[in-house]
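> Numbering (this note's numbering), first residue to last: 4 to 363. Positions of the beta carbon are idealized from the N, C-alpha and C atoms, including for glycine.
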Amino acid sequence: MRRITMVPVLSRLIRPVWQPTPVSLRGFALASVIANAVIISTGAAVRLSSSGLGCPDWPKCTGSSAVAAQSAGQTTLNTWIEFGNRLLNFPLVVIAGLTFIACLRYYRATGRTRKDLVWLSAILPGGVIAQAVVGGIVVLTKLNPALVAAHFLLSTAIILTAAVVLHARAAALAGPAAGSTAADGPQPRRDLRVLAGLLTGITALMLAAGTVVTGTGPLAGTTIDSHGHRTTVPRFHFSLESVTQLHADIGWFIAALTVALVIGLRYAGGSRRTMRLAYFVLAGLGAQGVIGYVQYFNHLPAGLVWVHVAGSVTIWIFVLQLFLSTGTNTPRSSAGAGGAGQNTAGEPAAAPSPIKTTIL
């Protein structure tokens, strides 16, 4: 029987980080996007299952236990839902740290000039740690709605950062002819990129409005008072009907912007990928709208609200990719104008790769 040594195995595991390629960098960035989307979804499950104080202390679970332990007024399920969500921060920070190390090693080894991507990748582990700290403060303040909103929005900002790194790596992999073929289409006009930027900004506003709706409504969470009785946590003192209407109005505005962008891209020229992303955003908004109205008129069932939250994060990712994609395609008439040795990311062209270079 052949002896199996650990050295070759460890070497294969370490190589993508210590000797990174554009392919491995893209993989790490994509993993960061997905991991942060997952923890937002699990965080929503914590909130909607009234498990936000399943571990009533931080950084310990309880005053006397660092791991999941029963506390007054909390079920075992509540405790493990919250504690399990906390444990997800460990793989999250590992993925973010590996992304940063790989970016740093890649640019030091190649001498390429995209130091901005190194700094952006450095934000990822720092952002995850900051998010964990904010989450702890949320627990210590008994689910203060403003801090809960900040906790959610910080995760969406981390996704934005990871999406930029991901897009830059996809552009580097695409090579010098990225977007330059007739099939791929010319670069969209500047006004369409501005429209895509506006769509991104208003989508961020809609996410913020969604946190206000949650912090105002009946699913803000519960806590245990000094007598061991379950009570509702602090909420925003807004009219639920009013903030829900505002949230819906922003959604309709985003839908109108997306329709305008789809029409503009269709008739002014956009790459296949950009068009595909725009259609995905439009379809996602339609689905989100239906879910939003159904959940509201059915008194906000927790399961449907969770689907709505997960859908909003998915739309955020696609909107970011849509905006980034509107500025990377080379016009047909100027294909290769940047020089045969450079790609659309301003770097030396990567060797052709059979690996798919985009999310879609």
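Among the residues of its own chain, which have a CB less than 8 angstroms from the CB of Y282, if the five just before and after it don't count?
Position 279 of the sequence shown holds residue 282. Counting only Cβ-Cβ distances below 8 angstroms, and skipping sequence neighbours, we find V265.
> Please report the distance separating the alpha-carbon of L288 from that of A258.
For this step, residue 288 is matched to residue 285 along the sequence shown. For this step, residue 258 is matched to residue 255 along the sequence shown. The straight-line gap from Cα to Cα measures roughly 7 angstroms.
> Output the boundary residues of the alpha helix (DSSP H) element that contains V26.
Within the sequence shown, numbered from 1, the residue matching residue 26 stands at position 23. V26 -> alpha helix (DSSP H) spans 25 to 51.
> Taking only three categories from DSSP, how would you classify A125?
For the purposes of this step, residue 125 is taken as the residue at position 122 of the sequence shown. Helix at A125.
> Whole angstroms is fine: what's the gap from G57's alpha carbon to W83's?
By 1-based counting over the sequence shown, the position of residue 57 is 54. By 1-based counting over the sequence shown, the position of residue 83 is 80. The straight-line gap from Cα to Cα measures roughly 7 angstroms.
> Count the C-beta pairs between the stretch 212 to 220 and the stretch 192 to 199 that are closer than 8 angstroms, then say yes if the count reaches three, no if not.
Per the Cβ contact rule, the stretch 212 to 220 is not in contact with the stretch 192 to 199 (fewer than 3 Cβ pairs under 8 angstroms).
> Is the Cβ-Cβ distance between L95 and A38 less than 9 angstroms?
Within the sequence shown, residue 95 is the residue found at index 92, counting from 1. Within the sequence shown, residue 38 is the residue found at index 35, counting from 1. Less than 9 angstroms separates the beta-carbon of L95 from that of A38.
> Start and end of the alpha helix (DSSP H) containing Q298?
Within the sequence shown, the letter at position 295 stands for residue 298. Taken as a continuous stretch (DSSP letters only), the alpha helix (DSSP H) holding Q298 covers 275 to 300.
> Going by alpha carbons, who is nearest to A149 out of F86, I132, G66, F241?
One-based indexing of the sequence shown puts residue 149 at position 146. Measuring from the Cα of A149, the nearest candidate turns out to be F241.
> Assign T437 to buried or exposed, taking buried as 16 or more other Cβ atoms, counted over all protein chains shown, within 10 Å of its Cβ.
Within the shown structure, residues of the chain are numbered from 4 to 363, placing residue 437 beyond reach of any answer.
> Would I318 and A166 qualify as a contact pair, given that the criterion is a beta-carbon distance under 9 angstroms?
Looking up residue 318 in the sequence shown gives position 315. Looking up residue 166 in the sequence shown gives position 163. Cβ distance not < 9 angstroms, so I318 and A166 don't count as in contact.
> What I want to know is whether the C-beta of G46 ends up closer than 8 angstroms to one or more non-hydrogen atoms of the ligand MN.
No copy of the ligand MN occurs in the structure displayed, which carries no ligand at all.
> Taking buried to mean at least 16 other C-beta atoms within 10 Å of its own C-beta, is P25 buried or exposed?
Here residue 25 refers to the residue found at position 22 of the sequence shown. The residue is buried, with at least 16 neighbouring Cβ atoms inside 10 Å.
> Skipping 5 residues on each side, what residues in its chain have a beta carbon closer than 6 angstroms to that of G330?
Taking the first residue of the sequence shown as position 1, residue 330 is located at position 327. Within the same chain, G330 has close Cβ partners R196.
> In whole angstroms, give me the CA-to-CA distance for A251 and L33.
Counting from 1 along the sequence shown, the entry for residue 251 is found at position 248. Counting from 1 along the sequence shown, the entry for residue 33 is found at position 30. Roughly 30 angstroms separates the two Cα atoms.
> Would you say V97 and L107 are within 9 angstroms of each other, going by their C-beta atoms?
Here residue 97 refers to the residue found at position 94 when the sequence shown is read from its first residue. Here residue 107 refers to the residue found at position 104 when the sequence shown is read from its first residue. Contact flag unset, no.
> Kindly indicate which residue of S124, Y299, P62 has the alpha-carbon position closest to the one of T164.
Working through the sequence shown from its first residue, we reach residue 164 at position 161. It is S124 whose Cα lies nearest to the Cα of T164.
> Which residues in the same chain have their Cβ closer than 7 angstroms to the Cβ of V36, if we skip the five residues on either side of it in sequence?
The residue you call residue 36 lines up with position 33 of the sequence shown. I162, A165, A166, L169, I320, listed in sequence order.
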